[in-house]
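Asks:
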Amino acid sequence: MNTTLASLVELLSEQNLLAASSNLTDEALATPVTGADCDSRVAAAGHVFVCKGQAFKPAYLQSALQKGAVAYLCDEDRAPELAAVAPGVPALVATDLRLAMALVSAEAFGHPDRDLTVIGITGTKGKSTVSYMLRAILDADAAYSHAAVIGSIETYDGVENEESHNTTPEAPDLWRHLANARSAGLEFVDMEVSSQALKYDRVVGLGLDVACFLNIGRDHISPTEHPDFADYFESKLRIFDQARVAVVNLDSDRANTILARAKRCERVVTFSATNPEADVWADHIDPGYGYVTFYAHTPSWSGKVALAMPGTFNVDNALAAIAICEVLGVGRRQVCDALLYVRVPGRMELLFSPDRRAVALVDYAHNKLSFQRLFPSVRQEFPGWRIIAVFGAPGDKAYERRQDLPQEAAKWADHVIYTEDDPAHERVEDICQQLVDATPAGTSYEVIPDREKAIHRAVELAYAGEGSAILCLLAKGDDAYQHEGDRFVPYRTDGGVFQEAVRDFAKPVE
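Using the working numbering, the letters of the sequence shown correspond one by one to residues 8 to 517.
Now the structure itself:
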């Protein structure tokens, strides 16, 4: 059935979301609608344009109309201003703009999720890693892509391929990517689902064939995100309200609560790195320098699995991907072949100096749970090595990290360097001082606000001490930008800066 303005009016009316409308003549109501946008840079002919956000300017609507937008959707506060800016243009005014935007976007793009297998992954830690593992598996048996990926690192939908700024995009962008995946002939959509997306209705109306819940820890608690842990956890749990099958980690904190909510789904599949009562579980976990092996047990197969990345906690991530594949009917060979070679940009990447005096471990670890997993694994896999940690905390959000991260790092690191990490609208020096204030007495640390200089200093310290050192360059991963103010400023990746610094200190290998 073709979507028209009339069908969008009917949809919003049925949901009690239509506060008012204007300029809806019979001719306008019969106008076909083929999509929705909230970014004027991607606005297209035949689409509805959504006027939203504190940074919105009427010029954005004018630009969208020039590109062929057939109507606009706005809230009640903005309606009078826009009526004057765009006289005669069909307008839909919503009582709840976020919810209306999600429902209108799904309808306008023709519900492409119904023609795709959509897997949603949520959790405090590990979403990107599981997503990349799953993508590698789904694409392993073909010369071309089977899976779209939507997440915190990149977005690929068969038409567009770009670096991501949000883990889960706003509803119009999300549904555009789903429509692109359908038109490109992809079979799967492998996506990370953030707590913000679930709380603020970005994924309302999206049918998930599989919803995977990895873990839960305290994070994203601030005036602009979640007011408290209860709100954060409840937002995460909402993923099961729109899923057919749930995949749940039995080793997660509050696993019983997660399982109780997951029972709303038609089927629940569990996984665990410690509990053989799970549907998918592991034993004989054996870490090494840059890899980890284990035996996986599933309802359909058992056998040895090798991961081409360090970190025993990555066994949890691999089991999540294996459990999802068990639901999808993907076999052992395809799973094991892909996991042997999978690489996740900026996740547990090891970079060695030529003389092996300094090794960089580049990872996106950025919250308490990820630090609790990363540092013990580093100590286990690099016994006797000095640990130098370089990290900061982001501006404008997740304020608890400024307390948690120094306290966790101090338990393991021989030296800590506090530096910048997407300061946004705050001063780097102020954030670093809060990190210092939370640092346990006796911890060896220093503050170097410039991140490149901080990494150079870490390499200098590695060569100044005895033996070898592993430099944990944390939170930025493969990011090539720093969020400063309202801008994303180009930044050389941590790995690139490390390799440059090594050239200044490493002696040639004879």
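Note that beta-carbon positions come from the ideal geometry of N, C-alpha and C, so glycine has one too.
1) Apart from the five residues on each side of it in sequence, which residues of its chain come closer than 8 Å, Cβ to Cβ, to Gly310?
2) May I have the straight-line CA-CA distance separating Pro94 from Val49, to the nearest angstrom?
3) Sort Thr162, Ala445 and Gln69 by Cα distance to Glu88 and report the nearest one.
4) Flag Ala327 as yes if its beta-carbon sits less than 8 Å from any beta-carbon of chain D, otherwise no.
5) Which residues share a DSSP beta bridge with Pro497?
6) From what residue to what residue does the alpha helix (DSSP H) around Val435 run?
7) Contact defined as beta carbons within less than 8 Å: I believe Ile477 pairs with Ala508. What is the distance between those atoms, to the nearest angstrom?
8) Which of the three DSSP states, helix, strand or coil, is assigned to Pro413?
9) Taking the alpha-carbon of Glu273 as reference, which of Asn168, Asp216 and Gly53 has the nearest alpha-carbon?
10) So if DSSP puts Val504 in a beta bridge, which residue, or which two residues, is it bridged to?
11) Using 8 Å as the cut-off, can you tell me whether the segment 226-234 makes contact with the segment 252-270, which would need three or more C-beta pairs spanning the two stretches below that distance?
12) Taking the runs of the alpha helix (DSSP H) that are 4 residues or longer, which of them lie wholly in the segment 106-159?
13) Going by DSSP, which residues form a beta bridge with Arg393?
14) So what does DSSP say about Glu517, is it helix, strand or coil?
15) Who does Ile228 pair with in a DSSP beta bridge?
16) Regarding Ala218 and the ligand ATP, is the C-beta to nearest heavy atom distance less than 7 Å?
17) DSSP beta-bridge partners for Glu170?
18) Please confirm if the segment 109-122 is in contact with the segment 43-57, defined as three or more CB-CB distances below 8 Å between the two stretches.
19) Have a look at the DSSP bridge pairing and note the partners of Gly297.
20) How far does the beta strand (DSSP E) with Ile462 in it reach, from first residue to last?
21) Runs of 4 residues minimum, wholly inside the segment 195-283: which ones carry the alpha helix (DSSP H) assignment?
22) Let me check understanding here. Comparing Cα to Cα, which of Tyr298, Phe56 and Leu104 lies closest to Gly75?
23) Starting from Cys81, follow the beta strand (DSSP E) in both directions and report where the run begins and ends.
24) Where does Asp263 land, buried or exposed, given buried means 16+ other C-beta within 10 angstroms?
25) For Leu24, collect the residues of the same chain with a Cβ closer than 7 Å to its Cβ; drop the 5 residues on either side in sequence, then sort them by chain order.
26) Can you list, in chain order, the residues of its chain with a C-beta nearer than 6 Å to that of Ala253? Leave out the 5 residues immediately preceding and following it.
27) Where does Gln73 land, buried or exposed, given buried means 16+ other C-beta within 10 angstroms?
28) Identify every residue that forms a DSSP beta bridge with Pro39.
29) Lys311 bridges to which residues according to DSSP?
30) I'd like the ranges of any beta strand (DSSP E) spanning at least 3 consecutive residues and lying wholly in the segment 17-67.
31) Okay, do the segment 171-183 and the segment 367-385 touch, 3+ Cβ pairs below 8 Å being the bar?
32) What three-state label does DSSP hand Ile331 in the structure shown?
33) Can you tell which of Asp197, Cys81 and Thr11 has its C-alpha closest to the C-alpha of Leu123?
34) Helix, strand or coil, according to DSSP, for Ala400 in the structure here?
35) With distance defined between alpha-carbon atoms, name the residue in Asp411, Gly127 and Leu480 nearest to Lys460.
36) So which of Tyr296, Asp208, Leu213 and Tyr498 has the shortest CA-CA distance to Arg363?
Replies: Straight from the coordinates:
1) Tyr302, Ala303, Arg339 and Cys343
2) 23 Å
3) Gln69
4) Of the chains in the structure shown, none is chain D; there is only one protein chain.
5) Tyr488
6) Val435 to Asp444
7) About 15 Å separates the two Cβ atoms, so there is no contact after all.
8) helix
9) Asp216
10) According to DSSP, Val504 bridges with nothing at all.
11) no
12) 134-145
13) Ala476
14) Because Glu517 sits at a pLDDT of 49, beneath the cut-off of 50, its placement in the model cannot be relied upon, and the point is left open.
15) His233
16) Here there are no bound small molecules, and the ligand ATP is not part of this structure.
17) Glu161
18) yes
19) Answer is none; Gly297 lacks a bridge partner.
20) Here Ile462 belongs to no beta strand (DSSP E); instead the alpha helix (DSSP H) covers Arg458 to Ala471.
21) 202-206, 236-244 and 262-269
22) Phe56
23) Ala78 to Asp82
24) First, the residue type needs correcting, since residue 263 is Asn and not Asp in the sequence shown. It counts as exposed.
25) Ala101, Thr102, Asp103, Leu106 and Ala107
26) Ala218, Phe247, Ala269, Cys272 and Val275
27) exposed
28) Thr11
29) Tyr302
30) 25-29, 42-44 and 54-57
31) no
32) helix
33) Asp197
34) coil
35) Leu480
36) Tyr296
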